[in-house]
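Numbering (this note's numbering), first residue to last: 44 to 202. Working notes, beginning with the structure itself.
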């Protein structure tokens with residue numbers, strides 16, 4: 044069974060009475076036209092002997108280009124996605140300053156036969172977009188199983 048680990052970054056916009064969270068949109072042809080229910084926390088597969096938190100930090104940095112550094116991390120626990128994949132998650136507050144989400148780092152890639160049955164292989168980025176969403180918006184955008192992570196974050200921050 045696959046296990047992934049990831050970080051959910053949040054920030055409290057000035058003058059706002061709630062917060063926003065950073066979500067990643069998966070790359071590739073299957074998700075090109077999917078929005079609601081397709082986004083995820085930045086995460087990656089945990090290797091057998093790897094520390095889950097170290098994996099979460101590495102994957103977040105690789106997928107977003109943002110260094111979580113010594114940020115205080117809040118454990119959000121584990122959720123299980125439809126296919127059985129376990130996702131272990133932590134949350135942290137975004138560093139001060141503006142973040143340019145229009146320039147993605149050189150994301151990890153995957154190869155796929157595309158178009159199907161064409162015999163041609165193409166390479167696609169694991170993620171193709173990053174965006175901040177309010178908790179209400181994020182509940183619509185995020186994979187249904189990961190929605191629980193948003194609820195846990197709100198409870199931790201007493202929102």
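Cβ coordinates follow ideal geometry from the N, Cα and C atoms, glycine included.
Proximity of residue 80 and residue 186 at Cβ, strictly below 8 Å: Taking the first residue of the chain shown as position 1, residue 80 is located at position 37. Taking the first residue of the chain shown as position 1, residue 186 is located at position 143. A contact, by the Cβ cut-off of 8 Å.
Should residue 135 and residue 52 be called a contact, given that it needs their Cβ atoms to be closer than 8 Å? As a first step, residue 135 must be located in the chain shown, where it is residue number 92. As a first step, residue 52 must be located in the chain shown, where it is residue number 9. Against a cut-off of 8 Å, the Cβ pair of residue 52 and residue 135 comes out as a contact.
Sort out for me which residues DSSP pairs residue 104 with in a bridge. Stepping through the chain shown from its first residue, residue 104 is reached at position 61. According to DSSP, which records beta bridges pairwise, residue 104 is partnered with nothing at all.
Using the Cβ count rule (16 or more neighbours within 10 Å means buried), how would you classify residue 118? Looking up residue 118 in the chain shown gives position 75. Exposed is the call here.
Please identify the residue among 69, 139, 99 and 161 whose C-alpha is closest to the C-alpha of residue 184. Sequence index remark: in the chain shown, residue 184 carries index 141 (1-based). Residue 184 has its Cα closest to that of 69, out of 69, 139, 99 and 161.
Can you tell which of 132, 155 and 56 has its C-alpha closest to the C-alpha of residue 140? In the chain shown, counting from the first residue as 1, residue 140 sits at position 97. When only C-alpha atoms are compared, the closest one is 56.
Would you say residue 189 reaches chain E, if we count a Cβ-Cβ gap shorter than 8 Å as a contact? Among the protein chains of the structure shown there is no chain E, as only one such chain exists.
Backbone CA spacing between residue 122 and residue 161 [nearest angstrom]: By one-based count along the chain shown, residue 122 stands at place 79. By one-based count along the chain shown, residue 161 stands at place 118. If I take the Cα positions, the gap works out to 36 Å.
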